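Counted the way the working numbering counts, the sequence shown spans residues 4 to 513.
The beta carbon of each residue, even a glycine, is placed where N, CA and C say it ideally should be.
Just so you know, these numbers come straight off a predicted model, no measurement behind them.
This report concerns only the one structure given below.
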Amino acid sequence: MEQRRVRVRFAPSPTGPLHMGGVRTALYNYLFAKKHGGDFLLRIEDTDRSRYVSGAEQYIVDALAWCQMGIDEGASVGGENGPYRQSERKPMYKQYADQLIESGYAYYAFDTPEELNEMRERMKSAGVASPQYNAVTRSGMKNSLTLPAEEVQKRLNANEKHVIRIKMPRNEDVKFEDVIRGWVSVNTNNLDDKVLFKSDGMPTYHLANVVDDYLMNISHVIRGEEWLPSAPLHVLLYQYLGWDTHMPKFAHLPLILRPDGNGKLSKRDGDRLGFPVFPTNWTNPETGEKSSGYRERGYYPEAFNNMLAFLGWNPGTTKELFTMDELIESFSLDRVGRAGAKFDFDKTNWFNQQYLRKQSGEELAPQLKPLLAEVGLVADDSYVANVCELMKERATFVKDILKEGRYFFEAPTSYDEKTIKKKWKESTPEIITELRDLLGSLNSFDPESIGACFKIFLEEKGLGFGAVMPGFRVSVTGLGAGASMNEIAALLGKDEVLKRINIALKTIKK
Ligand code: GLU
Numbered sequence: 004m005e006q007r008r009v010r011v012r013f014a015p016s017p018t019g020p021l022h023m024g025g026v027r028t029a030l031y032n033y034l035f036a037k038k039h040g041g042d043f044l045l046r047i048e049d050t051d052r053s054r055y056v057s058g059a060e061q062y063i064v065d066a067l068a069w070c071q072m073g074i075d076e077g078a079s080v081g082g083e084n085g086p087y088r089q090s091e092r093k094p095m096y097k098q099y100a101d102q103l104i105e106s107g108y109a110y111y112a113f114d115t116p117e118e119l120n121e122m123r124e125r126m127k128s129a130g131v132a133s134p135q136y137n138a139v140t141r142s143g144m145k146n147s148l149t150l151p152a153e154e155v156q157k158r159l160n161a162n163e164k165h166v167i168r169i170k171m172p173r174n175e176d177v178k179f180e181d182v183i184r185g186w187v188s189v190n191t192n193n194l195d196d197k198v199l200f201k202s203d204g205m206p207t208y209h210l211a212n213v214v215d216d217y218l219m220n221i222s223h224v225i226r227g228e229e230w231l232p233s234a235p236l237h238v239l240l241y242q243y244l245g246w247d248t249h250m251p252k253f254a255h256l257p258l259i260l261r262p263d264g265n266g267k268l269s270k271r272d273g274d275r276l277g278f279p280v281f282p283t284n285w286t287n288p289e290t291g292e293k294s295s296g297y298r299e300r301g302y303y304p305e306a307f308n309n310m311l312a313f314l315g316w317n318p319g320t321t322k323e324l325f326t327m328d329e330l331i332e333s334f335s336l337d338r339v340g341r342a343g344a345k346f347d348f349d350k351t352n353w354f355n356q357q358y359l360r361k362q363s364g365e366e367l368a369p370q371l372k373p374l375l376a377e378v379g380l381v382a383d384d385s386y387v388a389n390v391c392e393l394m395k396e397r398a399t400f401v402k403d404i405l406k407e408g409r410y411f412f413e414a415p416t417s418y419d420e421k422t423i424k425k426k427w428k429e430s431t432p433e434i435i436t437e438l439r440d441l442l443g444s445l446n447s448f449d450p451e452s453i454g455a456c457f458k459i460f461l462e463e464k465g466l467g468f469g470a471v472m473p474g475f476r477v478s479v480t481g482l483g484a485g486a487s488m489n490e491i492a493a494l495l496g497k498d499e500v501l502k503r504i505n506i507a508l509k510t511i512k513k
């Protein structure tokens with residue numbers, strides 16, 4: 004049999020910002036498509052107008068761009084199978100709902116909200132825990148299966164409000180093979196007569212989703228586990244519409260769980276648990292409520308993607324750092340697990356640290372410069388690059404380099420109190436004065452020469468490291484700990500170091 008071209012879609016509903024679980028779904032779709040030389044589509048599922056949030060679609064497009072997932076077809080890039088917003092495809096769906104009615108797989112239902120409520124109440128008092136419109140209850144309702152044909156026609160002619168429901172068969176097993184979960188079998192007695200077409204002239208998610216996957220020639224549906232219960236209905240729709248041979252393969256991804264494993268990581272967890280759950284910042288246009296994103300917190304998209312890729316997938320080796328190209332190369336749905344994946348925020352930071360360390364000082368410098376400018380600090384490119392090179396081992400974010408190394412760009416204005424209290428002894432000013440003079444006599448001021456000079460000083464004076472180093476460090480940097488003082492002093496240069504020591508000797512009072 005000829006291999007079907009791989010075509011996958013990410014199909015979010017624009018009801019708010021894209022949760023990182025959604026980004027992972029997009030990523031797995033993207034990786035799978037690229038691995039197989041296929042297409043990655045972005046389809047906006049906006050049939051539920053009551054939940055539509057303006058700005059959400061743009062947010063999704065921007066978030067995917069930040070995560071470096073190129074879209075092959077979609078509203079923002081075009082393509083041959085458009086439109087890619089379901090609201091713009093509205094006229095395309097009705098014919099399929101009609102086809103299902105004609106072939107007896109669907110029917111009109113005229114029940115009012117009150118009548119539906121009454122039915123539910125009746126069933127509840129008869130002991131049914133979750134009453135449904137289904138093969139049993141439909142016979143007592145107002146639909147084209149119970150009403151005489153003329154009356155149905157009359158109601159339709161009068162444009163009476165109605166929906167179209169699927170006629171779920173009784174006691175049939177619907178089976179399909181999920182790429183991740185294996186064979187799934189559901190008995191139709193457990194399924195209800197879902198609405199396919201609404202009274203507002205819009206299809207529901209189920210009909211629109213299946214029709215679009217068919218028309219867009221989607222080969223694999225890769226989506227979150229929460230859609231698994233809908234899959235049997237989708238399988239039936241493919242059969243009833245005569246599209247069996249075009250049925251995509253289904254792959255339902257495991258849930259992303261909270262760090263304690265206690266339930267699904269939800270949109271509402273954003274910031275509440277101390278970390279962002281969205282890729283980028285978001286402000287709700289209606290309420291003004293703000294949620295923070297990974298981008299603005301200083302995470303690299305490469306680190307974010309790498310972390311997301313491992314939430315449910317593993318390469319089967321101990322390698323953890325993967326570029327996008329390496330992910331594409333290694334990704335396979337066979338290695339996606341079924342069990343929920345616990346989100347680990349520390350691991351996310353670890354990934355960012357690794358991506359920061361992989362970069363040279365020259366690469367990091369242009370990232371630090373705007374942060375320096377924000378606080379009114381300036382320095383040469385090569386100096387900034389050297390600072391970054393020295394400080395990157397101690398940083399998770401570029402902003403940490405400024406936080407931990409502000410003294411590289413301005414003399415300290417205060418001195419760490421704890422260090423002064425514990426280490427600035429009566430003899431310290433004299434020791435530091437002598438050290439200053441020795442350093443001042445050095446011809447070359449590189450880390451090795453400074454280190455050698457320091458060692459000689461300790462030996463000659465018969466002093467321990469702890470009697471000299473803390474005083475030296477706090478004088479030059481204002482801090483009690485940090486990177487190697489030989490490196491710091493060399494970078495600052497002799498004049499600056501001597502100047503700072505002089506200021507410290509005048510300023511520090513016990
Ligand atoms: N619109 C659905 C969502 O918001 C798409 C589910 C699917 O991929 O079929 O997740």
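beta-carbon residue i near the ligand GLU non-hydrogen atom, thresh 8 Å
{"i": "A66", "result": "no"}
{"i": "G25", "result": "yes"}
{"i": "E48", "result": "yes"}
{"i": "S16", "result": "yes"}
{"i": "R12", "result": "yes"}
{"i": "N212", "result": "yes"}
{"i": "V224", "result": "yes"}
{"i": "G483", "result": "no"}
{"i": "G227", "result": "yes"}
{"i": "W537", "result": "Look at the range of the chain in this structure, 4 to 513, and you will see that residue 537 is not part of it."}
{"i": "W230", "result": "yes"}
{"i": "Y208", "result": "yes"}
Cβ pair residue i, residue j closer than 9 Å
{"i": "D51", "j": "V11", "result": "no"}
{"i": "L199", "j": "R168", "result": "yes"}
{"i": "F448", "j": "A486", "result": "no"}
{"i": "L45", "j": "L67", "result": "yes"}
{"i": "L194", "j": "R226", "result": "no"}
{"i": "P94", "j": "I47", "result": "no"}
{"i": "G301", "j": "P279", "result": "no"}
{"i": "V381", "j": "A368", "result": "no"}
{"i": "K322", "j": "R360", "result": "no"}
{"i": "F400", "j": "C70", "result": "no"}
{"i": "F348", "j": "G277", "result": "yes"}
{"i": "L336", "j": "F35", "result": "yes"}
{"i": "Y111", "j": "R184", "result": "no"}
{"i": "W186", "j": "K178", "result": "yes"}
{"i": "S79", "j": "D49", "result": "no"}
{"i": "G319", "j": "R338", "result": "yes"}
{"i": "F354", "j": "L393", "result": "no"}
{"i": "Y418", "j": "A484", "result": "no"}
{"i": "L466", "j": "F475", "result": "no"}
{"i": "L374", "j": "C391", "result": "no"}
{"i": "T480", "j": "P432", "result": "no"}
Cα-Cα separation between residue i and residue j, rounded to whole angstroms
{"i": "D203", "j": "N84", "result": "25 Å"}
{"i": "K164", "j": "N284", "result": "41 Å"}
{"i": "S106", "j": "D181", "result": "28 Å"}
{"i": "D101", "j": "H249", "result": "20 Å"}
{"i": "S142", "j": "V224", "result": "34 Å"}
{"i": "S233", "j": "H209", "result": "8 Å"}
{"i": "D176", "j": "V155", "result": "31 Å"}
{"i": "V471", "j": "I435", "result": "7 Å"}
{"i": "Q6", "j": "D383", "result": "57 Å"}
{"i": "E377", "j": "N389", "result": "20 Å"}
{"i": "N220", "j": "V214", "result": "10 Å"}
{"i": "N162", "j": "F113", "result": "11 Å"}
{"i": "N287", "j": "G24", "result": "19 Å"}
{"i": "R27", "j": "A455", "result": "52 Å"}
{"i": "E420", "j": "S478", "result": "12 Å"}
{"i": "A18", "j": "L258", "result": "Contrary to the premise, residue 18 reads as Thr rather than Ala in this sequence. Their Cα atoms are separated by approximately 20 Å."}
{"i": "G443", "j": "L495", "result": "14 Å"}
For residue i, the residue or residues it bridges with in DSSP
{"i": "N146", "result": "A112"}
{"i": "D224", "result": "First, the residue type needs correcting, since residue 224 is Val and not Asp in the sequence shown. F253, per the DSSP bridge assignment."}
{"i": "K178", "result": "S188"}
{"i": "L44", "result": "R12 and E76"}
{"i": "V198", "result": "R168"}
{"i": "L388", "result": "Going by the sequence as given, residue 388 is Ala instead of Leu. The partner list for A388 (beta bridge, DSSP) is empty, contrary to what the question assumes."}
{"i": "R88", "result": "I47"}
{"i": "V339", "result": "W316"}
{"i": "F281", "result": "G296"}
{"i": "Y81", "result": "One detail in the question is off: residue 81 reads as Gly in this sequence, not Tyr. Its beta-bridge partners are G77."}
{"i": "L260", "result": "K267 and K345"}
Near the ligand MG: residue i beta-carbon under 8 Å from a heavy atom
{"i": "Y96", "result": "The ligand MG is absent from the structure shown, which contains only the ligand GLU."}
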